[in-house]
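Numbering (the UniProt record's numbering), first residue to last: 1 to 74.
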């Protein structure tokens, strides 16, 4: 089940913004955002679970589908 944009954590929102630019690793997201590596991994795993992100290789993530709703769709 996909998430709505309003349901995203700040870390998920930040990761998705980076994923719009291309593939990312959890350590890269953690370094760029200041969130802990473990927290970023949990947030990316949740995005994978909801079908927004795909883990395409060990530790490498890619955007699959944007969450719906939120300010961007108004």
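Virtual Cβ for every residue (Gly too), placed ideally from N, Cα, C. Since this is a predicted model, take the numbers as computed values, not measurements.
Starting from residue i and walking both ways along the alpha helix (DSSP H), at which residues does that stretch end?
i          : result
residue 32 : 26 to 33
residue 20 : It is not in any alpha helix (DSSP H) - residue 20 carries neither H nor E in the DSSP assignment.
residue 42 : 37 to 49
Under 7 Å between the Cβ atoms of residue i and residue j?
i          : j          : result
residue 15 : residue 67 : no
residue 12 : residue 63 : no
residue 44 : residue 26 : yes
residue 60 : residue 23 : yes
residue 65 : residue 52 : yes
Please name the residue or residues paired with residue i in a DSSP beta bridge.
i          : result
residue 60 : 25, 57
residue 6  : Paired residues: none, contrary to the question.
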